[in-house]
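Enquirer: A single structure is presented below for examination.
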Amino acid sequence: MKKLFIAIVAVFAMSTVASAQFQGIGVRLGGGQGFGAELSTMWDFGNRTEIDLGWGSHDNYTDFTLTGIYQWQGEIGSGFGWFAGVGARVAYWSWSNGNDGDSDIALGLAGQAGIEYQFPSIPIQLSLDIRPCFYLIPETNFHWGDIALGIRYML
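Residue numbering for the sequence shown follows the numbering used here, starting at 1293 and increasing by one per position.
And the structure:
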């Protein structure tokens, strides 16, 4: 039964990704607990979806994240827009201070809200956003989020 469930989820995921349209790629600077960077991609799954792969490091702490946010968006005017969304995050973190250290994998629900500017004559988009996360595994923990600057090449 478990193998059947995994097969159904895999087929659904592959068909969803196959029907998605790639919209853009860039970086999100300031992600990764506020001191890292993320490779940021935009997809159209019927609504805009941002999928980011991040890395952060500070002193003796390092994390790697994979975040997917389904976004709603609207126009403000003169090239400016807003976006807000919800999604999920998987994170691997580790820390060490000499002889002591720890690492774990975390899973949580993420939100995102921000503003963006699309240049009218070039396919570059700038964004400024915040992404809070409520971690559920391995323990419940709320992180206020990373404020980050996004720079993307849009198709």
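Think of the CB as a built atom: it goes at the ideal place given N, C-alpha and C, for glycine as much as any other residue.
The model shown is predicted, which means the values in this text are computed figures rather than measured ones.
Which residues share a DSSP beta bridge with T1359?
Expert: In the DSSP output, where bridge partners are listed per residue, T1359 has D1344 and R1381.
Enquirer: Between the C-alpha atoms of E1342 and N1389, what's the straight-line distance to the nearest angstrom?
Expert: One C-alpha to the other measures close to 34 Å.
Enquirer: Which of the three DSSP states is assigned to P1424 in this structure?
Expert: In the structure shown, P1424 sits in a strand (DSSP, three-state: E or B).
Enquirer: Would you mind working out which of E1408, S1349, D1355 and V1378 sits nearest S1370, comparing C-alpha positions?
Expert: Here the closest residue by C-alpha is E1408.
Enquirer: Grab me the residues of K1294's own chain with a C-beta within less than 7 Å of its C-beta, minus the 5 sequence neighbours each way, in chain order.
Expert: In this predicted model, K1294 has a pLDDT of only 47, less than 50, meaning its place in the structure is not dependable enough to derive any value.
Enquirer: Just checking my contact of L1354 with R1381 at CB under 8 Å: how many whole Å lie between their CB atoms?
Expert: Inspection of the sequence shows that residue 1354 is occupied by Thr rather than by Leu. The Cβ separation is near 16 Å, so there is no contact.
Enquirer: Please report how far the alpha carbon of L1428 lies from the alpha carbon of E1330, in whole angstroms.
Expert: Taking the straight line joining both Cα atoms gives about 22 Å.
Enquirer: What are the residues that DSSP puts in a beta bridge with N1433?
Expert: Answer by DSSP bridge pairing, in chain order: Y1427.
Enquirer: Tell me the rounded alpha-carbon separation between A1405 and I1368.
Expert: Straight-line Cα distance between these residues: approximately 14 Å.
Enquirer: According to DSSP, is F1337 part of a helix, a strand, or is it coil?
Expert: Coil at F1337, not helix or strand.
Enquirer: If we count the other Cβ atoms within 10 Å of its Cβ and call it buried at 16 or more, is Q1417 buried or exposed?
Expert: Answer is buried; the Cβ neighbour count reaches 16.
Enquirer: For A1376, which three-state DSSP category applies?
Expert: Strand.
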